[in-house]
Every structure is written in structure tokens, then in C-alpha cells.
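Beneath this line is the structure, given in C-alpha cells, with notes to follow.
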Amino acid sequence: MKLVIINGSPRGKKSNSKVIADWIISGLVNKIEVEEYYAIQIKKHQEAISSIEDGDTILLVFPLYIDSVPGVTKLFIEELDLIKDKVKDIKIYYIVQSGFAGAMHSRAVERYLIYVAKHMGFKYLGTAIKPSAEGLRLMPAILTKNVSDNFKKLSKDILESRNFNQEVLIDLAGFEVPPLKYRKHIEKGKGGKTYFNSLLRKHKAYPKRFDQPYVKK
Amino acid sequence: MNITIINTSNKLYSKNDFPNHDVTLFNTTELKIKSCNGCFDCWVKTPGKCVIKDDMEELLIAIINSDLTVYISDIKVGYVSSGLKMIHDRTLPLILPYMDIVKDEVHHTKRYEKYPKLGLVLIENEKISDEVFDIIENSYVRLSYNMRTELLFVIKDDNMLGGLNNEISNY
């Protein structure tokens, strides 16, 4: 048996999903064979799908796009359908990471992921939800230690083919909807401004930040 | 009233399928629309504009200038098609990178004053169970929050779009 990691991010190897997948892999400490594929490499979908054999475990990790799976991840799921009923004893885990604060954003797609596992006849072993993840790939290790330690704990569950640990899932997910104090902070216009304004200035696009290029006047 | 219909299903429609309404219609299987690559350039380099050069720009213009945008999709593995999801992903230029509070949740700030209401038509190419319908409907309520609008209807329609014509008439 092996672990097949499907990275569903449109950013491929430069994604926050890749950062998380690497934490999972390091937590596996070479105790299981791992194959990694990227949904953005559409030509390799068939290779990824035919690599899945009886008894394997799948980990699908992706960023939340408009509160759902990214289009390329959905395409992979559609192609995965080709091996429905053709492989046995497959286990599946999911990791959903999103830029938003609040796990609520990812609950709708979690329901769909459970449906996919059931539809495919795979054993569903859990979905880890990690909000506020846009900065993971940019942050120094010291600031992400708590998060990376949590994902490495989930690696142990993967090795044992058991459900993701509930306490770890709750810690990763944090609050479902932002607390009042956080909402007031955002309402004062402070949400994401520093980060995005610095990027806008860097690209000399700050004066055009509110442009409405597609509206017919 | 401006109505944009974005048909992503394998069946092609023409304006004649909507005899009593003036609609802007796209059959996206005849268009070239690439996947979003998550670059955020539409937020930080070319504000409001997608840097991928393909037919999506035409759709974005039709969407943002409509009062109602209706998406038509086949069902694939219990959800709308990847073709439609790729289009939704590419609508990111229509909102700002900044954050706002909507329904007590964090969502992106509006770039435009007005956004079209949403409708979704599911072509019943495979049986749509109550569970699947509910998952999709819930997902589109979420999409409507993100795109700063409201979901007007989700209907199953395999009958020459009679249901959609009714919905448009009622609207």
C-alpha cells in the first residue's frame, strides 16, 4: 500500500497546499511510499489515477476557490470516476486550506467531499480544514510551527489508516465564524489591506486598485 | 433587464430557445476558457483585469453588466461540471482583494456597485438525488455570498429549458 497525494492547487508546486503536503510527508518519516501528483498538470491525471491500486490511501489537498473545489480539482474528481468499482479498499483523506478566516467557508465543500468518497466506494477518514492559510508559504518556520506540528500529527493517523484525530482537526480549524472583535477589526477596513496594498504599490498599480474595467458606462 | 446565460453543458442552445426574452447567450464548449492559476494579478498588478488572454473577458463583461446571470451545467460526479467551476474561479477580478463582513463572515469587498442575481440550471444527464441537489444549492448560496449577490433559483431542467423560461418570466 502507498499514499497517493493529489495536490489540487492551481498554483501547483508553488502553493500553500504544497507546503502542507510537505509537512504531512515529513510526518510520515519514510514509513510509507508516497507518490505526488498535481491537478494543474492535466496531462498527468491519467497517470495519477492509474497509479491508484487496491489498498492505497489517497490524500487530496487543495485551496478553497469560491467556497468550493478549484476547477482543476473538480476535473480530477471527474476523471477519478473512471476507476469507480475497479479498485478495492481505498481510503481517502482531504485537506482544505483557505485564505479566509473562519472554517465555515469550507463546510459546504466538506459535505461534497464526503459525497465523493461515498460515490467512489472509498473509505472516508476525514477532512482537515485550515483557514487563514494564504500566508503559510511566505511565513518563517517559527511562525507556522503550531500548524505544521498539527499536520504532522495527522500523518500518524494516515500511517495507521484511522480517522483524522478530532482534537487536531478542531485546533486546525479554529473558529467557525469570526468573533465580534475580529469582525470589528475587518469592518474598520483593516482586512488584508497592508498585504495587498504593499503588493499593489510594488507593481505600481495602487492608484488603479479600485478600477472597474468591465463595466459599460 | 439584461440577462446573461452561460451554458456549459454539452448541449448547444440558441437565442430561439428563449423566445420571449432578450438574452446574451454563451455556449462555453465553443469557447476557449483556461483555468485560473491563482496568480492574483487581477488584484495586485492589473486591478480588475484578468491577465489570461482568452474568451473569459467577454463573459466577465456580460456577467457584470447583467441584472441576472444564469449558469447551465451538466451534473458530473454529483456536482456542477469542472468546466463551469473553472468559469466561477475566473470571476475573481470582479471583486476586490480587501475584506468585508457579510452575514457575520469574512468576504471580499465589492469592486462594482452592482452584481447580477444568480440562477443555476442543472441538466439532469444523471439522476440528481435530493442529497446532490442540496449539496449544489448550498454551494451556490456560498458562491452568492462570495460574489456579493443572491441566489435566485436552482432548478433541474431537462425539458428544453421550459423551467428556465418560466423563471426568467417570473423575474
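Here the protein sequences line up with chains X and L, keeping their order.
The numbering of the first sequence is numbering that gives the first Met the number 0, which starts it at 0 and goes up by one.
The numbering of the second sequence is numbering that gives the first Met the number 0, which starts it at 0 and goes up by one.
We treat Cβ as the ideally placed atom computed from N, Cα and C, and that holds for glycine.
Values in this document were obtained by computation on a predicted structure and should not be read as measured data.
Whole-Å CB distance - residue i paired with residue j, under 8 Å assumed
i      : j      : result
V43/L  : P92/L  : Contact flag wrong, Cβ pair sits at about 11 Å.
L112/X : N162/X : 14 Å between Cβ atoms; not a contact.
L153/X : T143/X : Actually they do not touch by this definition, with Cβ atoms about 15 Å apart.
D55/X  : M0/X   : 6 Å
I86/L  : T7/L   : 7 Å
Y170/L : L67/L  : 6 Å
V115/X : K129/X : Wrong, their Cβ atoms sit about 19 Å apart, outside the cutoff.
V69/L  : L163/L : 7 Å
N6/X   : K17/X  : 6 Å
C49/L  : E57/L  : Wrong, their Cβ atoms sit about 11 Å apart, outside the cutoff.
V76/L  : I76/X  : 5 Å
Chain X contact for residue i (CB, 8 Å cutoff)
i      : result
T45/L  : yes
R147/L : no
V76/L  : yes
K14/L  : no
D99/L  : yes
D21/L  : no
D73/L  : no
S8/L   : no
K52/L  : no
K48/L  : yes
N137/L : yes
N-terminal and C-terminal residue of the beta strand (DSSP E) that residue i is part of
i      : result
L64/X  : The sequence shown places Tyr at residue 64/X, not Leu. No beta strand (DSSP E) contains Y64/X, which DSSP labels as neither H nor E.
S72/L  : L67 to K75
A127/X : K122 to K129
Y36/X  : E32 to Y37
Y92/X  : K90 to Q96
N6/L   : I2 to N6
Contacts that residue i makes with chain X (C-beta to C-beta distance below 8 Å)
i      : result
P96/L  : G191 and F195
E130/L : Y114
N26/L  : By Cβ distance, chain X contributes nothing, its closest Cβ being about 18 Å from N26/L, past 8 Å.
I134/L : A107, R110, Y111 and Y114
L142/L : I65, D66 and S67
D88/L  : P9, Y64, I65, P69 and G70
Under 7 Å by beta carbon: chain X residues contacting residue i
i      : result
M55/L  : Chain X residues near M55/L: none, gap ~11 Å exceeds 7 Å.
Y111/L : Q211 and V214
S168/L : Per Cβ cutoff of 7 Å: no residues; S168/L is ~25 Å from chain X at best.
Short CB-CB distance (under 8 Å) between residue i and chain L
i      : result
P139/X : no
G70/X  : yes
H44/X  : no
E186/X : yes
D84/X  : no
K207/X : yes
V60/X  : no
A132/X : no
V18/X  : no
I5/X   : no
A47/X  : no
R182/X : yes
E77/X  : yes
V33/X  : no
N- and C-terminal bounds of the alpha helix (DSSP H) containing residue i
i      : result
G161/L : G161 to N169
Y25/L  : One point to set straight first is that residue 25/L is Phe, not Tyr, in the sequence displayed. Element bounds for F25/L: not the alpha helix (DSSP H) but the beta strand (DSSP E), V22 to N26.
F152/L : Careful: F152/L lies outside any alpha helix (DSSP H), inside the beta strand (DSSP E) at L150 to K155.
L115/X : According to the sequence displayed, residue 115/X carries Val and not Leu. Where V115/X is concerned, the enclosing alpha helix (DSSP H) stretches over R106 to M119.
N15/X  : N15 to G26
L179/X : L179 to H184
V3/X   : No alpha helix (DSSP H) holds V3/X; the beta strand (DSSP E) holding it covers K1 to N6.
I60/L  : M55 to I63
T193/X : K192 to K201
A47/X  : H44 to S49
Q165/X : Q165 to A172
Y213/X : That residue, Y213/X, is in no alpha helix (DSSP H); it is neither H nor E in DSSP.
V43/L  : D40 to V43
S138/L : D129 to N145
Chain L contact residues for residue i, given Cβ-Cβ distances below 8 Å
i      : result
Q165/X : Going along chain L, no residue has its Cβ under 8 Å from Q165/X, so there is no contact; the nearest lies around 23 Å.
S8/X   : G37
D88/X  : Near D88/X there are no residues of chain L at all, since even the closest Cβ is about 21 Å away, more than 8 Å.
A204/X : V43, K44, T45 and P46
Residue i: contacting residues in chain L (beta-carbon distance under 7 Å)
i      : result
F99/X  : V105
V176/X : D103 and E104
M103/X : E104
Contacts that residue i makes with chain X (C-beta to C-beta distance below 9 Å)
i     : result
M85/L : P69, G70, V71, K73 and L74
Under 9 Å by beta carbon: chain L residues contacting residue i
i      : result
K215/X : I60, I63 and N64
L198/X : F39, W42, V43, K44 and P96
D21/X  : Result: empty, since nearest Cβ-Cβ is about 18 Å, beyond 9 Å.
D80/X  : K75 and V76
V95/X  : Near V95/X there are no residues of chain L at all, since even the closest Cβ is about 13 Å away, more than 9 Å.
Secondary structure, alpha helix (DSSP H): runs of 4+ residues fully inside the segment 77 to 115 of chain L
81 to 88
Length at least 4, wholly inside the segment 133 to 161 of chain X: the alpha helix (DSSP H) runs in chain order
Counting whole runs of 4 or more residues, the segment 133 to 161 of chain X contains the alpha helix (DSSP H) stretches 140 to 159.
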